[in-house]
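Take a look at the structure below.
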């Protein structure tokens, strides 16, 4: 058992490394540090990139001198033998060839642990991504303390899947790591502020950055990488003297095309190493968009209008009389509009279809083939598809730049500027 002073120092260190996780850190430290008696089973749940495995790994690193530990990624354990022998190698600190027996089943695994008197040691086993394991394995591991007859052994399950989805026969202590909100992500990213720039400049940048990316990416590692790339472009007008440091609206307009290109890469699961690769990616992406079918181009144009125009202007924009569009004078958006700082807005499928029918000249019947083109645009990353899980209410957001949509509109001889407010 570690001293009280040591425990407090570990908690302090973890709180400095993992912001906004004070409650979970206190709970884990109380369970795994305070007493010689460990809980039989702990279940740590959270969505991707909330720090589940990182937090546990760091805690076990701090107590490595007093506790034998094993952290196993269940995805890599494609057979029971791989799983059991991976744990044994960590706990016994021996090579696989030095294991006394093959471990093809749970009873052989138990026998080897007892043979090496593991019940006399303080042991913590972490099964990361445990949802990949067979249900029977999860049940027996949850009772490992009982089988070994040791109160100093704990199994920690780590999963993105809710614990209620597992067998009711499993008794565990739940620890939930909630997803970071936008304010918390901003505070975490602020830690990586470049030394050459003031905190005001970087906070303004993060307002733009998080507003643009929070709906599509919550992975902190990816967000840190993207922020590093985008900040270089954000400060270029400041460095060349064409803009003041705190002119947030102007700076946003300058990097808006870069933001949309990065959003495309986030959606497609690709990554960019530096700003230098952005131009090549943009050329490839926009050439690709120009090769779309006729109706797909109109869907993309409609999506761009839906993303950058407020729904309250739709009626004035698309009132038709005698099959001719009427031009209506529309109010301009304020230069200080918050919407300018958060990029394209999401829209419903119904609104997309309404705008599509309003802008296309031909009388076109909606068919399954036409609807399939919307899904194709989303699959290609030209539209971003998301929502609240309701199959009948999909949400979309246009991910192409203004220059790209202008070029697409020209190929079908469509004047998109007439439909964009303050464009």
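Residue numbers (UniProt numbering): 1 to 423. Positions of the beta carbon are idealized from the N, C-alpha and C atoms, including for glycine. This one's a predicted model, so the numbers in the text were calculated from it and none came from an experiment.
Expected contact under 8 angstroms - CB spacing of residue i and residue j to nearest Å
| i | j | result |
| --- | --- | --- |
| residue 302 | residue 359 | 6 angstroms |
| residue 54 | residue 132 | About 19 angstroms separates the two Cβ atoms, so there is no contact after all. |
| residue 309 | residue 420 | 7 angstroms |
| residue 33 | residue 63 | 6 angstroms |
| residue 202 | residue 193 | 4 angstroms |
| residue 485 | residue 152 | Lying before the first or after the last residue shown, residue 485 is absent from the chain, which here runs from 1 to 423. |
Span of the alpha helix (DSSP H) around residue i
| i | result |
| --- | --- |
| residue 429 | Lying outside 1 to 423, the shown extent of the chain, residue 429 is not represented and no answer is given. |
| residue 403 | 402-411 |
| residue 81 | 80-92 |
| residue 128 | Note, residue 128: premise wrong, no alpha helix (DSSP H); beta strand (DSSP E) at 123-128. |
| residue 177 | Run containing residue 177: none in the alpha helix (DSSP H); it sits in the beta strand (DSSP E), 173-177. |
| residue 135 | 135-142 |
| residue 109 | 106-115 |
| residue 203 | 199-213 |
| residue 224 | 220-234 |
| residue 184 | 182-190 |
| residue 22 | 22-32 |
| residue 416 | No alpha helix (DSSP H) contains residue 416, which DSSP labels as neither H nor E. |
| residue 372 | 368-379 |
| residue 62 | 52-62 |
Exposure label - residue i; buried when at least 16 CB within 10 Å
| i | result |
| --- | --- |
| residue 294 | exposed |
| residue 340 | Annotation note: pLDDT 46 at residue 340 (below 50); position unreliable, coordinate value reported separately. Its Cβ being crowded by 16 or more others within 10 Å, residue 340 is buried. |
| residue 250 | exposed |
| residue 378 | buried |
| residue 409 | buried |
| residue 60 | buried |
| residue 315 | exposed |
| residue 144 | buried |
| residue 76 | exposed |
| residue 337 | At residue 337, the pLDDT of 43 sits below 50, so the modelled position is not reliable and the matter cannot be decided from this model. |
| residue 78 | exposed |
| residue 128 | buried |
| residue 244 | exposed |
| residue 241 | exposed |
| residue 307 | buried |
| residue 268 | Note that residue 268 has pLDDT 46, beneath the 50 cutoff, so the model's placement of it is unreliable and no number is given. |
| residue 124 | buried |
| residue 405 | buried |
| residue 156 | buried |
| residue 134 | exposed |
Candidates the options: closest to residue i by CA position
| i | options | result |
| --- | --- | --- |
| residue 160 | 227, 87, 75 and 44 | 44 |
| residue 204 | 414, 187, 119 and 7 | 187 |
| residue 213 | 189, 236, 197 and 193 | 189 |
| residue 162 | 153, 169, 15 and 175 | 175 |
| residue 116 | 125, 141, 130 and 89 | 89 |
| residue 68 | 197, 121 and 158 | 121 |
| residue 299 | 196, 412, 41 and 58 | 412 |
| residue 81 | 101, 153, 177 and 227 | 101 |
| residue 252 | 241, 238 and 234 | 234 |
| residue 372 | 242, 349 and 51 | 349 |
| residue 218 | 110, 157, 46 and 104 | 46 |
| residue 95 | 103, 85 and 220 | 85 |
| residue 398 | 407, 386 and 382 | 382 |
Beta-ladder partner(s) of residue i, from DSSP
| i | result |
| --- | --- |
| residue 396 | 347 and 385 |
| residue 157 | 43 and 127 |
| residue 68 | 123 |
| residue 73 | 128 |
Distance cut-off 7 angstroms: residue i Cβ against heavy atoms of the ligand SAH
| i | result |
| --- | --- |
| residue 217 | The model on display carries no ligand, and the ligand SAH is accordingly not part of it. |
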